[in-house]
Amino acid sequence: MKKIGIIIGKFFPLHIGHVNFIQRASGIVDRLYVVISYSDDADDLLTSNSRFVKEITPKDRLRFVKQTFKNQPNISSFLLDENNYSQQGDNWEEWATALRNEIEKREKLENKEEIDWKNDVIFISNRDGDKEYNLKHFGSETKSIDKNYIEYNVNSKQIRENPSKYWEFLPREVREHLIPIITICGGESSGKSVMIDKLANVFNTTSAWEYGREYVFEKLGGDEESLQYSDYEKIVFGHQSNVLYAARNANKFALIDTDYIATLAFCLTYEKRDNPIVREFVQNYRFDLTILLENNVAWVNDGLRSIGDDDRRGKFQNLLKELYKEYGIQYITVKSSSYEKRYLACKHIIKAYLDGADNSELQKIADTFI
21 MKKIGIIIGK
31 FFPLHIGHVN
41 FIQRASGIVD
51 RLYVVISYSD
61 DADDLLTSNS
71 RFVKEITPKD
81 RLRFVKQTFK
91 NQPNISSFLL
101 DENNYSQQGD
111 NWEEWATALR
121 NEIEKREKLE
131 NKEEIDWKND
141 VIFISNRDGD
151 KEYNLKHFGS
161 ETKSIDKNYI
171 EYNVNSKQIR
181 ENPSKYWEFL
191 PREVREHLIP
201 IITICGGESS
211 GKSVMIDKLA
221 NVFNTTSAWE
231 YGREYVFEKL
241 GGDEESLQYS
251 DYEKIVFGHQ
261 SNVLYAARNA
271 NKFALIDTDY
281 IATLAFCLTY
291 EKRDNPIVRE
301 FVQNYRFDLT
311 ILLENNVAWV
321 NDGLRSIGDD
331 DRRGKFQNLL
341 KELYKEYGIQ
351 YITVKSSSYE
361 KRYLACKHII
371 KAYLDGADNS
381 ELQKIADTFI
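Numbered according to the working numbering, the sequence shown spans residues 21 to 390.
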């Protein structure tokens, strides 16, 4: 058995084919180094046709690997900055020296011994040309594993270009990062909660209910008359917990009933006071897509609502829009007063968003259902 194994890749993103490859490699060496290489030019090229709605940084890629294999101590991983090396291989010897130095530095921290690159190291790779390259620059052998990709016939390019189609090939840690978080917002009795339920059903995904309502039932006996200023920070913390749970268990995206802008608007309306803690959540926890339902459907008194007249409903809706503008949060407005058209609008907006449509295109879709 070779002492040290080395796998090099961009892992953009890490997928189950990679995971299987790494797991098999870890069984033929004492220690396996997974090297995540990156450079600005190469990463720009990789993302040129990407349909991910969220950025994946080099440290994200490193985190995916570390999290996936955190319970296997013989697997180590680190980033290798390739910005100073030509992608055409003009200075490969310098690149090889940088990798060699990094591996040797890490090994010395472990066992203080010099590495015999010929006898103690093996590269694991299926790329053409790597066998000759590794022998020339390191004096090390190269082993292929499942070279024809019979076990998992998928690659990162396919996943980048169609994440939904290949979602099942993404490890849990990658899914949690890439999950689009979509929120449905609006004033009291605008139909948010029912809309969330309809959409979660049709898309077969998870949702997070408005925590403020849960809080009133759990902590205030179902009557918001005793709701006070200090409760709002507890509401945003509880809501964030629900959001994270929905994201961890989502099927391609998560649906969230209400955002932190709405919590801030309720605090300003009911308490007549600003709330810096709620504002921190607004600033630091952004959602990927915000759909704002116009407050133009019949108001329903469910015992937890008090903004029922048209004038106050209009003022609250305008406050939401002012706060979105203040924080630079873009949103798509669904204007129809028909419940069916609102549902159809939201459904088509989400489908188009997942297919890569921008906000102007999404608003045009929303406006076809008026």
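Even glycine gets a Cβ: it sits at the ideal position worked out from N, Cα and C.
Owing to the predicted nature of the structure, the values given are computational and were not obtained by experimental measurement.
(message) Buried or exposed for Asp148, going by 16 or more other Cβ atoms inside 10 Å?
(response) exposed
(message) Is it the case that the stretch 164–180 contacts the stretch 232–250, given that we only count it when at least three CB pairs across the two stretches are under 8 Å?
(response) no
(request) On a CA-only basis, which of Ile390, Ile24, Gly348 and Gly376 is nearest Asp136? Give me that one, please. (result) Ile24
(request) Classify Asn146 as helix, strand or coil using the three-state DSSP reduction. (result) coil
(request) Indicate whether the contact test is met: 3 or more Cβ pairs, each with one atom in the stretch 287–295 and one in the stretch 211–224, closer than 8 Å. (result) no
(request) Counting only the same chain and skipping the five closest in sequence on each side, list residues whose C-beta sits under 6 Å from that of Arg81. (result) Phe31 and Ile56
(message) If you reduce the DSSP assignment to three classes, tell me which class Leu34 lands in.
(response) coil
(message) Please identify the residue among Glu381, Tyr280, Asp166 and Arg362 whose C-alpha is closest to the C-alpha of Val39.
(response) Asp166
(message) With three or more beta-carbon pairs closer than 8 Å as the criterion, would you say the stretch 258–276 touches the stretch 220–233?
(response) yes
(message) At the level of alpha carbons, what is the spacing between Tyr53 and Lys384?
(response) 49 Å
(request) Classify Asn271 as helix, strand or coil using the three-state DSSP reduction. (result) strand
(request) Would you check if the stretch 295–303 and the stretch 187–198 touch, i.e. whether three or more CB-CB distances between them fall below 8 Å? (result) no
(request) Could you tell me the distance, in whole angstroms, from the CA atom of Glu161 to the CA atom of Pro183? (result) 35 Å
(message) So within the stretch 292–357, which uninterrupted beta strand (DSSP E) runs reach at least 3 residues, ignoring any that extend past its ends?
(response) 309–313 and 352–354
(request) Please determine, among Phe89, Gly37 and Ile26, the residue with the shortest C-alpha to C-alpha distance to Arg126. (result) Ile26
(request) Return the chain-ordered ranges of every beta strand (DSSP E) run that is complete within the stretch 193–221 and spans a minimum of 3 residues. (result) 201–205
(message) Alpha carbons only, please: which of Glu381, Pro296 and Ala270 is nearest the one belonging to Glu253?
(response) Pro296
(message) With the cut-off set at 8 Å, would you say Leu374 and Ala282 are in Cβ contact?
(response) no
(message) So, at 8 Å on beta carbons, what are the nonlocal neighbours of Ala274 in its own chain, with the 5 sequence-adjacent residues on each side left out?
(response) Ile199, Pro200, Ile201, Ile202, Thr225, Thr226, Ser227, Ala228, Val263, Ala266 and Ala267
(request) Report buried or exposed for Phe257, applying the criterion of at least 16 other Cβ atoms within 10 angstroms of its Cβ. (result) exposed
(request) Figure out for me which residue from Asp331, Asp378, Glu314 and Lys335 has the closest Cα to the Cα of Ser356. (result) Glu314
(request) With DSSP collapsed to three states, give me the class of Lys167. (result) coil
(message) Beta-carbon within less than 8 Å of Cys205's beta-carbon, same chain only, minus the 5 sequence neighbours each way: which residues are those?
(response) Lys212, Thr278, Asp279, Ile281, Ala282, Thr310, Ile311, Leu312, Leu313, Leu340 and Tyr351
(request) Look up Tyr249 in the DSSP assignment and say whether it is helix, strand or coil. (result) coil
(message) Just to check my reading of the structure: Leu343 and Leu284 have Cβ atoms closer than 8 Å, yes? What is that Cβ distance to the nearest angstrom?
(response) 6 Å
(request) Could you check what DSSP says for Val85 in three-state terms: helix, strand or coil? (result) helix
(request) Since I believe Leu100 is in contact with Leu119 (beta carbons under 8 Å), could you give me their beta-carbon distance rounded to a whole number of angstroms? (result) 6 Å
(message) Could you give the first and the last residue of the continuous beta strand (DSSP E) run that contains Lys22?
(response) Lys22 to Gly29
(request) From the DSSP output, in three-state form, read off Ala377 for me. (result) coil
(message) Could you check whether Glu102 and Trp115 sit closer than 8 Å to each other, using their CB atoms as the reference points?
(response) yes
(message) Closest to Leu364 by C-alpha separation, out of Lys345, Phe223 and Gly334, would be which residue?
(response) Phe223
(message) Suppose contacts are defined by Cβ-Cβ distances below 8 Å. Is Ser46 in contact with Ile76 by that definition?
(response) no
(request) Determine the contact status of Thr88 and Leu34, defining contact as a CB-CB distance below 8 Å. (result) yes
(request) Starting from Phe98, trace the beta strand (DSSP E) both ways and give me its first and last residue. (result) Ile95 to Asp101
(message) On the CB-based measure, 16 or more other CB atoms within 10 Å of its CB, does Tyr249 come out buried or exposed?
(response) exposed
(message) For Tyr58, report the span of its beta strand (DSSP E) as first-last.
(response) Val49 to Tyr58
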